[in-house]
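Protein chains in written order, with our numbering: chain A, 51 to 308; chain B, 51 to 308; chain C, 34 to 338; chain D, 4 to 261; chain E, 4 to 261.
The next block holds one structure in the form of structure tokens; read it before the comments.
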Amino acid sequence: MASFLEFRQVTVAFGDYVAVEGVSLALAPGAFVSLVGPTGCGKSTLLNVAAGLLAPSRGEVLLEGRPLKGLNPVAGYLFQQDAILPWKTALDNVALPLVFRGVPWGEARERARVWLEKVGLGRFLRHYPHQLSGGMRKRVGLAQVLIAGPKLLLMDEPFSALDIQTRQLMENELLRLWQEDRKTVLFVTHDLEEAIALSDRVVVMSAGPRSRPIGDFPIPLPRPRDVAEIRLTPEFLRLHREIWELLRGEVLRAHAGA
Amino acid sequence: MASFLEFRQVTVAFGDYVAVEGVSLALAPGAFVSLVGPTGCGKSTLLNVAAGLLAPSRGEVLLEGRPLKGLNPVAGYLFQQDAILPWKTALDNVALPLVFRGVPWGEARERARVWLEKVGLGRFLRHYPHQLSGGMRKRVGLAQVLIAGPKLLLMDEPFSALDIQTRQLMENELLRLWQEDRKTVLFVTHDLEEAIALSDRVVVMSAGPRSRPIGDFPIPLPRPRDVAEIRLTPEFLRLHREIWELLRGEVLRAHAGA
Amino acid sequence: GVGGKTAVVYLPLTVVERLGYFKEEGLDVVIQDLQAGSRALQALVGGSVEVVMGYYDHTIQMQAQGRDIVAFVEVGRYPAIVLGVRSDLADQVRTIADLKGKRVGITAPGSSTHFFLNYLLVKAGLKPTDVSVIGVSVGAQAVAAVQNKQVDAISNVEPAITLLEERGLIKVLADTRTTKGTREVLGGEYPAAVLYTTRAWLEKNPDTAQKLANAMVRGLRWMQGKRPEEIAAILPEEYFLGDKDLYLKVLKNSLESFSPTGRFSDTAPLRPLTVLSAFDERVKRARIDLKRTYTNQFVDRVPIR
Amino acid sequence: MRGLRVRLWQAGLLLGFLLLWEWASRTGRIDPFFFSLPSAIAQRVWRWFATGEVYPHLYITTVEMLLAFALGTLLGVVFGLWLALAPAVAAVLDPYVKALNAIPRVVLAPIFTLWFGLGVLSKVALGVTLVFFVAFFNTYQGVKEVSPLVLQNARLLGAKPSHLLRHVYLPAAASWIFSSLRTSIGFAVIGAVVGEYLGSAAGLGYLIAQAEGVFDTTGVFAGMVVLMAFVLALDALVGTVERRLLVWRSKEREGGSA
Amino acid sequence: MRGLRVRLWQAGLLLGFLLLWEWASRTGRIDPFFFSLPSAIAQRVWRWFATGEVYPHLYITTVEMLLAFALGTLLGVVFGLWLALAPAVAAVLDPYVKALNAIPRVVLAPIFTLWFGLGVLSKVALGVTLVFFVAFFNTYQGVKEVSPLVLQNARLLGAKPSHLLRHVYLPAAASWIFSSLRTSIGFAVIGAVVGEYLGSAAGLGYLIAQAEGVFDTTGVFAGMVVLMAFVLALDALVGTVERRLLVWRSKEREGGSA
Ligand SMILES: Nc1ncnc2c1ncn2[C@@H]1O[C@H](COP(=O)(O)OP(=O)(O)OP(=O)(O)O)[C@@H](O)[C@H]1O
Ligand SMILES: Nc1ncnc2c1ncn2[C@@H]1O[C@H](COP(=O)(O)OP(=O)(O)OP(=O)(O)O)[C@@H](O)[C@H]1O
Ligand SMILES: [Mg+2]
Ligand SMILES: [Mg+2]
């Protein structure tokens, strides 16, 4: 099967500093792949490359077999930092992607309301971003990205600002959506349990500089999953231990190097 | 023993929306208190009040028995969002609090370097914030707050952007520092394990609006602790289960309400 | 168009307007105030105005540039420019020759006041470069310049001159407001304020030109022998809001300089040419045909009433 | 309460200044020939309005000024947006724009008269050449300052250039543009008045020029007083629009009774 | 490469424009009485520099203009900072500042002459009154736009007002201030030249006025050409300083070879 998104020997350098080097990674259509690695190793950088926001210094990215030039037209990207529009209310922020697609404001707002209720913000439709808490803003961003139904989903620590319970609700919602129309997902997280519970594959990055994937673990857990329950299965614990061993060494190396 | 910081019937309303209501909470000198609760319940709001950035609509905050007027002079506050100065390098950002206290730049930079090494950023001294990854910026902020040695430490999800291993290193470092000169710490986190592992007390907030503390759990775990090891003790697991029960119900309520 | 409607040298225009003579001739005249003679001329060349009340000098300068500008009514027969020296220097500077090395205020570089000064200097045996000139504009700024001792002498026009005299700030050295003064300084009549326009316009609109000439000449005749008070009585109130007594004095000092007939004498236009060709490169180089710069054909046809 | 205090202060300052002026003029400490007397000026303004003679002039100046303001701002904003969004064009045109800004407009009066006649148009043109640059430089910089994160997010959400303009660039540059409006109002007035001053048959500038020609300082100052009152009225209008459009800003933290 | 292309374009545009002008003037399509001929202008400029007669004038104008620029900007920035940081004062003074900005400076020429004489000072004063407002409004707004988070962080870190000014307000407002400088340069020149134009014994404005007095359009345009060249040189200087001071900006994402 041809891959949906493929990194081919991608190297990104900022001046002298080579953040990632020779990254090759192929995502099958409909795959849910998590990217974990020590802080500062270049995960966000890779997502930026995949979104077409950053051209690699060497190598290339293929989208459905064709080299990606400029912005990735099928990607939805939930940034690590807040990127929603500060001058629009939560409702308008979420309605915006639909408006961009030509949906009239009235209908777009109607559909946005539904999405905001899904992420638990039904009571904060008219709030501006600065009137929302950190976790709320993240969820507005999530709704904004999901409402447009992108074929490729790039998510950079989407749930780290949420409490565990809300997080699990969101994770399950994400899985449900993904199951429905089988988007391809590239998911960055620091929470290894989250990575395993959600993904088909977990890719471990080495510590920077010159970071690259050093482990690629298929997660053969059955679907559909409930993220809370699956954490208790022995298979999960085995995988967790295995990946953790690798990751732990890497992080220690990162600190030794710094 | 008189409390170091005390909230007395603090209510904060934003327009009609009452975020927290009638919060009373006393922190003994040298106490390490964690605040957990569903997203959007008002944790950051309370930290803002404690820092003197936000005046409560009703009630008051006492600092060492005296009502707090204006900025809290003894507080160090690690904000939930990035708040380091974008026009200064990592090194200068960390040196700044010392410069504010009259230390000459040369010496301040020398001491800042040591701190940046402690948080694992020894190789990124000359980087500007926009050249750092999310987790790196957070750590610069951490060093910036800690270098001044504040008597009261307010921390809003300081470690949520870090990978687990780095996170544990930072947590241990924080505990070591705290043990040394017994700052008073008010710590906001979504990670209940982190809260229990670090604190003397865990306070659970109810879901907003009109949020207030609904549980106050002393954590009688022995010190000094290693955050990684302590998680495996049965006492820890018992506490975790107990608090989790309460919290879980609350979060569900929050979503039902929304 | 007019360059500085409130300037005293252009007073007859306001008089004619107030007396309603334009209307009686069936003309609907809009007076555009352009603040400076040179800009009024430019507006004429550019076609924004049809007729200008301005200085005769300009018609000569324009001919040097190949423009056919014709004056058809003489309004002022003396230039009404005055050279005065600051009173506190009056002992040192008794004649124009004593101005050597001094700072002299003019209205603007290249203006008539500038040429006038240069002419006087040369006549007194000096070179134009023997003094340093400073543009001080007209009006209050000129007064301020003298009062603050920014200039030692000043070549300027009414009403600034009378005001300066009134305040005892200057002593007059050369005065071309009066017959006597002008004869002394320039040797005789010297067309100053005139109505001029392009030859093309004149040829296309002889009737309108005639009506304008009629109205203007009527106004000039009306002004003859009137006392300042009588003239002031028909002027808009704004003209002497500053200080009525002062304005009357200004009028008294200036009345003589207005032409009684509107006619150009045959010799008078020579004088501006002499002055100009002494200092304006292009006028000097060009061969000026004075006959083409003015015409009495309209004034001569004004009905005598 | 606070508003009242401010008003009182303002009135007090004004009164004090006027009294001082009046006193100095009457006692000859400053020369009334150059400075007139506030009482005389007030009287004149009163008479102008009582007899109604000022209205036609005011009307003309208002029309000129509003046109200059609107047109100059519009052109400045459009041009600013254009150059900011087309860096190649900007690089080429940059020196020309700057050189044009250095032309003393007053010198161009004859050319304006040639092109636009002596009516309203030439004054508008003069005003436009002043207002344009203020609006242009600020819009240009405002667009350059748009948060790259928000911009990238909007582009990935599918915004077409027109959407970006409407939903990202304009709102982001709004505070820049409004700031320029504040400066522009003054310059629009100057353009109109100087234009009239240089050549016209009506307008406040004409009034002032006439007054100056006969040493009527009172008239000059009265003209300026009317101008100022007029500009303040216009500024209040801009202020209202600005508050409307920028509701989303956090201003100060809103909560509490601080 | 790119730089060269830009230069070529610029030169081409200029040349095309000049040729068109020359052609139109020669064939009488535009009136050389108003527009002169580029060749004649070039000749005149050349003669001015060859004979050296322009140098004293250029020197005077330069001095006036630099002084007006420096002083106006300084005053504007200081005042802008002051009012932005003292909202009570700002509220009181606000209408006065705006009213002053509406005064047509040209009308004030007599008063400037009275106060500052006919020398360099009165021109500087005129220039300052123009430059001041541009700098003032932008600085004011720039300070108001400082990220509240960064500001609060700095204050909590112990910054005294002077520190805030130096390390927060000024860097944050820097891009605003620089933007105003761009506009200001032009206005400083206008102030100097118009001042000379209205009354002086030397300077480019004097040259222009003299040329105008004898209907020497070539001289007028030659004066303006010299002015423009001069402003461009100054602007390049400001640009260099700006790039130095604002190195911390992200501009475009730096990495890659895009
Ligand atoms: N514009 C830039 N200039 C220089 N270096 C940069 C730039 N952007 C990123 N880097 C460097 O690239 C490396 C990778 O950054 P990246 O943001 O991809 O890390 P990350 O894996 O997302 O980390 P985190 O988990 O902390 O978010 C870091 O070392 C960072 O300093
Ligand atoms: N300026 C404001 N105007 C209106 N409402 C506000 C404002 N600031 C905060 N709120 C509201 O107050 C509530 C509490 O916000 P706060 O930021 O304290 O939550 P939090 O507990 O820190 O949440 P999180 O865990 O997501 O950071 C939220 O519902 C938010 O919408
Ligand atoms: Mg990242
Ligand atoms: Mg929060």
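Glycine residues also receive a C-beta, built at the ideal position from the N, C-alpha and C atoms.
How close, in whole Å, do the beta carbons of residue i and residue j come, if the pair is a contact with beta carbons under 8 Å?
i, j, result
"D240(C)", "V115(C)", "With a Cβ gap of about 39 Å, D240(C) and V115(C) do not count as contacting."
"A133(B)", "L152(E)", "5 Å"
"D205(B)", "L128(B)", "In the sequence as displayed, the identity of residue 205(B) is Met instead of Asp. Correct: roughly 5 Å between the Cβ atoms."
"G189(D)", "G198(D)", "Contact doesn't hold; Cβ gap of about 15 Å is too wide."
"A225(D)", "R8(D)", "Not really, about 30 Å apart at Cβ, beyond 8 Å."
"P200(B)", "G126(B)", "3 Å"
"Y67(B)", "W251(E)", "Actually they do not touch by this definition, with Cβ atoms about 37 Å apart."
"P224(C)", "P302(C)", "6 Å"
Enumerate in chain order the residues of its own chain whose CB-to-CB distance from residue i is below 7 Å, with the five nearest sequence positions on each side excluded.
i, result
"R256(E)", "Caution is warranted here: a pLDDT of 39 is assigned to R256(E), below 50, making its placement in the model unreliable, and no coordinate value can be reported."
"R50(E)", "none"
CB-CB under 8 Å to residue i, same chain, minus the five flanking residues each way: which ones, in chain order?
i, result
"A308(A)", "Residue placement at A308(A) is flagged as unreliable, the pLDDT there being 47, under the threshold of 50; the coordinate-derived value follows with that caveat. There are no such residues."
"V223(E)", "S39, I211, A214, E215"
"F159(A)", "The sequence given here has Arg at residue 159(A), not Phe. The residues are L141, D142, A145."
For residue i, name the three-state secondary structure that DSSP assigns.
i, result
"T95(A)", "helix"
"L237(D)", "helix"
"V146(D)", "helix"
"S183(D)", "helix"
"G117(C)", "strand"
"Q59(B)", "strand"
"S144(C)", "coil"
"D66(A)", "coil"
"A76(A)", "strand"
"R187(A)", "helix"
"I106(D)", "coil"
"S107(A)", "coil"
"R176(A)", "coil"
"S84(A)", "strand"
"G198(D)", "helix"
"Y54(C)", "helix"
"K282(C)", "helix"
"E300(B)", "helix"
"L128(B)", "strand"
"G138(C)", "strand"
Kindly list the residues whose CB is nearer than 6 Å to the CB of residue i, restricted to its own chain and excluding five residues on each side of it in sequence; keep chain order.
i, result
"L201(D)", "A112"
For residue i, is the beta carbon positioned less than 8 Å from some heavy atom of ligand 5?
i, result
"Q181(A)", "Of the ligands this structure carries, namely ligand 1, ligand 2, ligand 3 and ligand 4, none is ligand 5."
Against chain B: residues of the region 161-176 of chain E by CB proximity under 8 Å: Here the close residues are G161, A162, K163, H166, H170, V171, P174, A175.
Listed from N- to C-terminal order along the chain, which residues in the region 202-227 of chain D have their beta-carbon within a distance smaller than 9 Å of any beta-carbon of chain C? G202, S203, A204, Y209, L210, A212, Q213, A214, E215, G216, V217, F218, D219, T220, T221, G222, V223
In the region 35-47 of chain D, which residues sit with their C-beta less than 9 Å from some C-beta in chain C, listed in chain order? Taking 9 Å as the upper bound on Cβ-Cβ separation, chain C lies near residues F36, F37, R47 of the region 35-47 of chain D.
Name, going along the chain, the residues of the region 88-121 of chain A whose beta-carbon falls closer than 9 Å to a beta-carbon of chain B. P88, T89, G90, C91, G92, K93, S94, T95
Give a yes or no on contact between the region 125-137 of chain E and the region 69-77 of chain E, applying the rule of three or more CB pairs nearer than 8 Å. yes
Please list the residues of the region 123-134 of chain D that have a C-beta atom closer than 8 Å to any C-beta atom in chain E, keeping them in chain order. none
Contact the region 259-279 of chain B vs the region 243-250 of chain B: 3+ CB pairs below 8 Å: yes
Would you list, in chain order, the members of the region 165-184 of chain C that have their beta-carbon closer than 8 Å to a beta-carbon of chain E? In summary, the residues of the region 165-184 of chain C whose CB is separated from some CB of chain E by less than 8 Å are S165, V166, I167, G168, V169, S170, G172, A173, Q174, V176, A177, A178, Q180, N181, Q183, V184, in the order they occur in the chain.
Output, in sequence order along the chain, the residues in the region 140-152 of chain D whose CB is closer than 7 Å to any CB in chain A. L152
What are the residues of the region 141-152 of chain B that lie near chain E, defined by any Cβ-Cβ distance shorter than 7 Å? The region 141-152 of chain B vs chain E, Cβ under 7 Å: L146, P147, F150, R151.
The region 90-97 of chain A touching the region 93-110 of chain B, judged by at least three CB pairs closer than 8 Å: Three or more beta-carbon pairs separated by less than 8 Å are not found between the region 90-97 of chain A and the region 93-110 of chain B, which leaves the two stretches without contact.
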